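Numbering (full-length UniProt numbering), first residue to last: 1 to 323.
If you want it as structure tokens, here you go:
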């Protein structure tokens with residue numbers, strides 16, 4: 001699975017962060033320290049092999065959920081990101097503070113009946129949602145998926161988006177009818193509806209790393225180019241190094257021609273293109289003008305990058321040498 005990185009530091013925009021690291025008790029801790037919740041049932045699971053955080057939470061789909069004493073999700077611009085694993089296609093609320101009804105106000109994330117997720121935002125008008133989005137990709141296959149919803153708070157075309165696993169290219173986008181000005185009708189619930197009237201629509205599956213922001217967050221995947229001692233630029237074409245169609249060190253070239261899987265850059269591959277490794281550089285682009293240091297861990301046996309990473313303009317480069 002590709003790795004994605006926030007385009008900038010969104011810590012100041014992080015409203016709540018639930019890592020589900022608790023192994024005892026009923027308190028669902030917000031790592032921001034603001035909006036703790038209460039576990040009603042649910043099971044803590046430790047599974048390092050999944051490639052996610054060490055622990056996550058499972059919900060039985062019958063009577064387990066997390067309750068909160070605040071709406072938590074901001075009105076207006078927002079992002080909600082979480083990891084999910086489930087096999088059920090039965091309708092169930094994942095995150096909800098609207099009760100799911102059009103006549104209420106608030107937000108709902110749910111499993112829809114077509115094996116995907118859907119978002120609805122209610123605006124207090126019976127029969128009409130402010131926004132209704134259903135994903136094209138499935139999340140009900142028993143595998144872990146990363147789901148992200150973003151909305152910049154406006155009614156601009158396709159300003160609301162759902163991402164599944166690919167955090168750069170949205171799975172589906174839509175246009176809300178109005179901006180939000182009214183708080184949600186209910187406090188936040190995870191794993192069921194906030195509406196006290198039946199049915200509760202319990203979620204059956206596992207959740208991890210729920211993050212809630214008051215900003216439309218964006219992600220990027222690092223893109224790389226190889227530069228030889230004569231400053232010629234190369235990229236990967238499947239498993240071969242080829243000269244890049246553009247020879248400029250700018251954002252457009254990295255985005256258009258750069259590659260992201262540096263595990264394919266082996267000594268044999270480099271020596272198939274270059275006589276030796278003298279002056280060969282692996283370049284990565286960053287548009288973070290505040291960045292003072294660049295850090296990267298990269299293992300390329302039987303040689304390794306020099307430990308010190310240099311910054312050249314906005315290009316971070318790693319110099320290779322034989323060891």
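A virtual CB, placed ideally from N, CA and C, is assigned to each residue, including glycine.
For clarity, every value in this text was computed on a predicted model and none was experimentally measured.
Look at the Cβ atom of residue i, then the Cβ atom of residue j, and state whether they are nearer than 8 Å.
i           : j           : result
residue 16  : residue 30  : yes
residue 105 : residue 169 : no
residue 129 : residue 136 : no
residue 43  : residue 26  : no
residue 186 : residue 97  : yes
residue 219 : residue 269 : no
residue 160 : residue 142 : no
residue 126 : residue 102 : yes
residue 282 : residue 259 : no
Leaving out the 5 sequence neighbours to the left and right, which residues in its chain are closer than 6 Å to residue i when beta-carbon positions are compared?
i           : result
residue 302 : Caution is warranted here: a pLDDT of 37 is assigned to residue 302, below 50, making its placement in the model unreliable, and no coordinate value can be reported.
residue 386 : The requested residue 386 does not occur in the structure, where the chain is confined to residues 1 to 323.
residue 124 : 105
residue 300 : Reliability fails at residue 300, whose pLDDT of 40 lies under 50, so the model's placement of it is uncertain and the value that follows must be treated cautiously. Closer than 6 Å at the Cβ level, and outside the excluded window around residue 300, lies no residue.
residue 165 : 145 and 146
residue 248 : none
residue 194 : 96, 97, 99 and 186
What distance in whole Å lies between the Cβ atoms of residue j and residue i, which are believed to be in contact at a cut-off of 8 Å?
i           : j           : result
residue 246 : residue 226 : Going by Cβ atoms, the distance from residue 246 to residue 226 rounds to 14 Å, so no, they are not a contact pair.
residue 92  : residue 61  : 7 Å
residue 20  : residue 65  : Not a contact, Cβ separation roughly 13 Å.
residue 59  : residue 204 : 6 Å
residue 172 : residue 134 : 7 Å
residue 265 : residue 228 : 13 Å between Cβ atoms; not a contact.
residue 82  : residue 147 : 6 Å
residue 162 : residue 18  : In fact, because the Cβ distance is near 20 Å, the residues do not count as touching under 8 Å.
residue 192 : residue 200 : 5 Å
Nearest CA to the CA of residue i: which residue from the options?
i           : options               : result
residue 254 : 223, 275 and 270      : 223
residue 47  : 214, 144 and 154      : 144
residue 285 : 129, 252 and 169      : 252
residue 153 : 193, 176 and 68       : 176
residue 88  : 117, 98, 81 and 82    : 117
residue 7   : 22, 157, 113 and 221  : 221
residue 206 : 32, 75, 139 and 24    : 139
residue 75  : 181, 158, 103 and 127 : 181
residue 40  : 231, 4, 262 and 202   : 202
residue 45  : 86, 132, 208 and 277  : 208
residue 274 : 261, 243, 262 and 248 : 243
residue 54  : 22, 33, 28 and 32     : 22
residue 188 : 267, 107, 262 and 234 : 107
Ignore the nearest five residues each way along the sequence and tell me which others in residue i's own chain have a CB closer than 7 Å to its CB.
i           : result
residue 213 : 10, 13, 14, 15, 78 and 79
residue 250 : none
residue 35  : 16, 68, 70 and 72
residue 216 : 77, 79, 150, 151 and 152
residue 292 : Residue placement at residue 292 is flagged as unreliable, the pLDDT there being 48, under the threshold of 50; the coordinate-derived value follows with that caveat. Taken in chain order, the list of residues that qualify is empty.
residue 239 : 264
residue 278 : 229
Here's a check: name, in chain order, each residue in its chain whose Cβ is nearer than 8 Å to the Cβ of residue i, leaving out the five neighbours to either side.
i           : result
residue 297 : Note that residue 297 has pLDDT 40, beneath the 50 cutoff, so the model's placement of it is unreliable and the number below is only indicative. Result list for residue 297: empty, nothing under 8 Å.
Next on the checklist: Restricting to runs no shorter than 3 residues, where is the beta strand (DSSP E) found entirely within the segment 203-280?
Outcome noted: 204-213, 224-227, 233-237 and 240-243
Next on the checklist: Threshold first: 3 residues or longer. Then list the beta strand (DSSP E) segments lying entirely within the segment 67-110, N to C.
Outcome noted: 78-85 and 92-96
Item to check | Sequence ranges, beta strand (DSSP E) only - wholly within the segment 107-169, length at least 3 | outcome: 117-123, 129-134, 145-151 and 160-164
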